[in-house]
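Have a look at the structure below before the remarks.
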Amino acid sequence: MAKGRIVIDDALCKGCELCTTVCPKDVIHMAMDRLTPRGYHPASLVDPQGDCTGCGICATICPDVAITVYRWVPAAGKVAEAIA
Amino acid sequence: MPDEMVETLIYAKPDSLTSTGTHYCPGCTHGVAHRLVAEALQEMGVREKTIGVAPVGCSVFMYNYFNVDFAEAAHGRAPAMATGLKRLNPGSIVFTYQGDGDLASIGAAEILHAAGRGENITVIFINNAIYGMTGGQMAPTTLPGQKTTSSPLGRDVETQGFPFKMCEILSQMEGSAYIVRRSLHDVPNIRKAKKAVRTAFEVQRQGLGFSMVELLSSCSTNWGLTPAAALTWIEEHMIPAFPLGDYKVHPAAAALEKAR
Amino acid sequence: MAKELLEGNTAFAEAAVRAGCEAYFGYPITPQTEALEHMSRRMPELGRVFVQAESEVAAINMVYGAACAGARVMSSSSSPGVSLMMEGLSYIAGSEVPVVLVDIMRGGPGLGNIAPSQGDYNQIVKGGGHGDYRPIVLAPATVQELIDLTVLAFDLAEKYRWIVIVLADGSLGQMMEPAELPPMRPVRPVDKRAPWALTGAKGRAPNLVTSIYIDPAVEEKFNFRLVAKMRKIEAAEIRLRELSTEDAEIGIVAFGTAGRICQTAVKAAREEGIKVGLLRPISLYPYPYEHVRALSKRVKSLLVVEMNMGQMVEDVRLAAEGRVPVSFYGRMGGMVPMPDEVLEAIRKMHAGQPVEFPGALDA
Chain U
56 MAKGRIVIDD ALCKGCELCT TVCPKDVIHM AMDRLTPRGY HPASLVDPQG DCTGCGICAT
116 ICPDVAITVY RWVPAAGKVA EAIA
Chain D
704 MPDEMVETLI YAKPDSLTST GTHYCPGCTH GVAHRLVAEA LQEMGVREKT IGVAPVGCSV
764 FMYNYFNVDF AEAAHGRAPA MATGLKRLNP GSIVFTYQGD GDLASIGAAE ILHAAGRGEN
824 ITVIFINNAI YGMTGGQMAP TTLPGQKTTS SPLGRDVETQ GFPFKMCEIL SQMEGSAYIV
884 RRSLHDVPNI RKAKKAVRTA FEVQRQGLGF SMVELLSSCS TNWGLTPAAA LTWIEEHMIP
944 AFPLGDYKVH PAAAALEKAR
Chain Z
10 MAKELLEGNT AFAEAAVRAG CEAYFGYPIT PQTEALEHMS RRMPELGRVF VQAESEVAAI
70 NMVYGAACAG ARVMSSSSSP GVSLMMEGLS YIAGSEVPVV LVDIMRGGPG LGNIAPSQGD
130 YNQIVKGGGH GDYRPIVLAP ATVQELIDLT VLAFDLAEKY RWIVIVLADG SLGQMMEPAE
190 LPPMRPVRPV DKRAPWALTG AKGRAPNLVT SIYIDPAVEE KFNFRLVAKM RKIEAAEIRL
250 RELSTEDAEI GIVAFGTAGR ICQTAVKAAR EEGIKVGLLR PISLYPYPYE HVRALSKRVK
310 SLLVVEMNMG QMVEDVRLAA EGRVPVSFYG RMGGMVPMPD EVLEAIRKMH AGQPVEFPGA
370 LDA
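Protein chains in written order, with my numbering: chain U, 56 to 139; chain D, 704 to 963; chain Z, 10 to 372.
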């Protein structure tokens, strides 16, 4: 199971592809089979092996704040560090 | 996953940004710069006492994307408006956000004097070496030889002068407290830029004087490059012309940065 | 309060202070610099805001910012400096924030000179900056009027969320006359600023002050709102003085210093048995068209006297609607007409002869 996951908001993504160029695990790909309401091919998480670590690098470069990042962290005590 | 693990939200849109999708071109680093400012204001807990001044340029409607009070300035005049706003709201956080035409061309006098007076405002300077909104004309920051719609044969320094290095210029003013140049071309640099933006606002909060963060940015559309290629162009062409670094740092500001 | 000998520029600056002005942003320019200097001492003394800006362009934009913050704010300048402010004034009008400006007119066009003129009438009264807007314009003729109209300007600016311009000239700015200053009004506390003001979005939705409406349909609607506002102003804020117009055969229309000079000429002419009267508009916008129209129905001819080449005379001609001949007497470039010049013009009109003025069209 992945250590993290991202959710990309189709309403905001403009298909600029920057996230796909920086993902260290290469789990973000452009969805050429669909269009967003604004007419872009959006980026989308394609992670069958569960490689996403929730590192947040994609969200750091995303100009449209379209990416929400989640990460599995130990429940008790430890506070997850923010990527920002 | 072992039972002790829980899925936690690591990053979501800060509250200081609205949920309105921006009108910027795909890949435009305005979106990144906006996000960094919004995150800084959020982290400092100053959203409710912040007043922004929007420029004339692609970001003319930036107030649609921020949950803070905003004024729309005439082209180049944002530092003067910010002066009036800050002097009449001394407890507030006032920032301007300006492109290269707004700040370095028509607004050259206003930015110089705001720095000279040591106005306690923060300026976010978006340098993308071109005029975006009006369709790609030469800017004061356009590089020698760079082709634009008003320098179609490439900027000729003999007749069209040399690029303006605003950090270098404004760091000479004694009223300047924090003048730094960062870049938005990759994730490590975006992280450094975020720190600088945060420090700049802290400098204002401490009343240390004028602060400016110059952010080397892309203009994919007017440079005629893909978003990713545009970021590479910043690294390969703009950084040599506009070196990154700290041009002026008030001693108290240095201490602030160390403390974080 | 007792009358004191006051210089015009200092008087209007202090009047603004007494009216609760919270901020002054300006730039030195003759013949009004005394106002800036007075403010540079008084405002910090009272814990209020003063900035000598780098130019009039910067000054009017600082005024714009402070007005957006909901504060009582003003600037003052003279003709070439006011030209620099036109961009800012248009933005201010398009944003509907209250602003007071005093223009102490001098000779022009261009660098001109530092002597008095009324050459900014068209620029100020017809809007000045780009777009459809007409600021309220008040034209004093004495230092007392300059004081009273400056105080009124702040009230009208806030009442209508509009620009109010006090239009005077270098002679009024520089002269010393006995006049009375009003008592000190307290400055409005920050928490009592208008609900639209930019003060930080604490406990409310963010406020926006802007003058851009990118959708033409929306921009037109906004302009209709400004038109409606100006109609209200036109209905309520006309101010003027009339002297012996009831039985006049010759009617003089003049404003400001020219009006004051005509007053002396009118009294002298009456002593010569000439039935002449003076209508002195005090509000140039809204212009007292109805009063001038009514005058044009009573008199046999009208004379307009200005310190310019003929600007307000067009408004008089509009109001007269061709009923009677309208003559013009003007001095320019800082030359101030003397009462006997106007008296001579009145005599000429009374005798059915054309009015001449020096250098007319043969320069």
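All C-beta atoms in this analysis are idealised placements derived from N, C-alpha and C, irrespective of residue type, glycine included. Given the structure is predicted, the values throughout are model-derived calculations rather than measurements.
Where residue i falls: helix, strand or coil (DSSP)
i, result
"M704/D", "In this predicted model, M704/D has a pLDDT of only 49, less than 50, meaning its place in the structure is not dependable enough to derive any value."
"S84/Z", "strand"
"N131/Z", "helix"
"P217/Z", "Checking the sequence shown, residue 217/Z turns out to be Leu, not Pro. DSSP places L217/Z in strand when its eight states are reduced to three."
"F34/Z", "strand"
"R884/D", "strand"
"S722/D", "coil"
"L919/D", "strand"
"M85/U", "strand"
"L856/D", "coil"
"V771/D", "coil"
"K951/D", "strand"
"A372/Z", "Unreliable placement is indicated for A372/Z, whose pLDDT of 44 sits below 50; the coordinate value is still reported in the next sentence. A372/Z falls in the coil class under three-state DSSP."
"I156/Z", "helix"
"R289/Z", "strand"
"E315/Z", "strand"
"I172/Z", "strand"
"F865/D", "coil"
"Y766/D", "helix"
"I754/D", "strand"
"S49/Z", "helix"
"L100/U", "strand"
"D178/Z", "strand"
Counted within 10 angstroms of its Cβ, other Cβ atoms place residue i as buried (16 or more) or exposed
i, result
"M87/U", "exposed"
"A244/Z", "exposed"
"I223/Z", "exposed"
"E16/Z", "buried"
"A139/U", "With a pLDDT of 49 at A139/U, under the threshold of 50, the predicted position of this residue should be treated as unreliable, though the coordinate-derived value follows. It is buried - the Cβ of A139/U has at least 16 other Cβ atoms within 10 Å."
"Q362/Z", "exposed"
"L856/D", "exposed"
"P198/Z", "exposed"
"R89/U", "exposed"
"D178/Z", "buried"
"E65/Z", "buried"
"A237/Z", "exposed"
"T862/D", "exposed"
"R240/Z", "exposed"
"E229/Z", "exposed"
"M83/Z", "buried"
"T723/D", "exposed"
"D859/D", "exposed"
Residues bridged to residue i (per DSSP)
i, result
"E186/Z", "L15/Z"
"Y125/U", "R60/U and L712/D"
"Y800/D", "I827/D"
"Y294/Z", "V146/Z"
"Q41/Z", "Its beta-bridge partners do not exist; DSSP assigns none."
Residue closest to residue i, alpha-carbon to alpha-carbon, out of the options
i, options, result
"G878/D", "G835/D, M747/D, I814/D and N770/D", "I814/D"
"S87/Z", "Y298/Z, A124/Z and K230/Z", "A124/Z"
"Y142/Z", "E96/Z, R115/Z and P215/Z", "E96/Z"
"V740/D", "L791/D, K789/D, I893/D and L846/D", "I893/D"
"P97/U", "V128/U, I83/U and R60/U", "I83/U"
"A11/Z", "G56/Z, P334/Z, S253/Z and E186/Z", "E186/Z"
"V72/Z", "S104/Z, L293/Z, G319/Z and V134/Z", "S104/Z"
"L293/Z", "V196/Z, D129/Z and K230/Z", "D129/Z"
"Y4/Z", "S220/Z, A102/Z, Q127/Z and C30/Z", "It is not possible to answer for residue 4/Z, since the shown part of chain Z is limited to 10 through 372."
"A354/Z", "C271/Z, V160/Z and P290/Z", "C271/Z"
"R289/Z", "V313/Z, R115/Z, L45/Z and F163/Z", "V313/Z"
"E189/Z", "G140/Z, D157/Z and R269/Z", "D157/Z"
"E258/Z", "I113/Z, L235/Z, L304/Z and P89/Z", "L304/Z"
"A263/Z", "T254/Z, L287/Z and V91/Z", "L287/Z"
"G948/D", "L911/D, K868/D, A932/D and W936/D", "K868/D"
"A278/Z", "H300/Z, L252/Z, Y296/Z and P295/Z", "L252/Z"
"T115/U", "C68/U, C74/U and D65/U", "C74/U"
Jot down the residue ranges of each uninterrupted beta strand (DSSP E) in the segment 88-116 of chain Z, minimum 3 residues, whole runs only, in chain order.
As far as the segment 88-116 of chain Z is concerned, its whole beta strand (DSSP E) runs of at least 3 residues are 108-114.
In chain order, which continuous runs of the beta strand (DSSP E) of length 3 or greater are located wholly inside the segment 242-267 of chain Z?
Entirely contained in the segment 242-267 of chain Z, the beta strand (DSSP E) runs reaching 3 residues are, in chain order, 249-252 and 259-262.
Which residues, taken in chain order from the segment 149-169 of chain Z, show a beta carbon closer than 8 Å to some beta carbon of chain C?
Judged by its chain identifiers, the structure shown contains no chain C, and its protein chains are U, D and Z.
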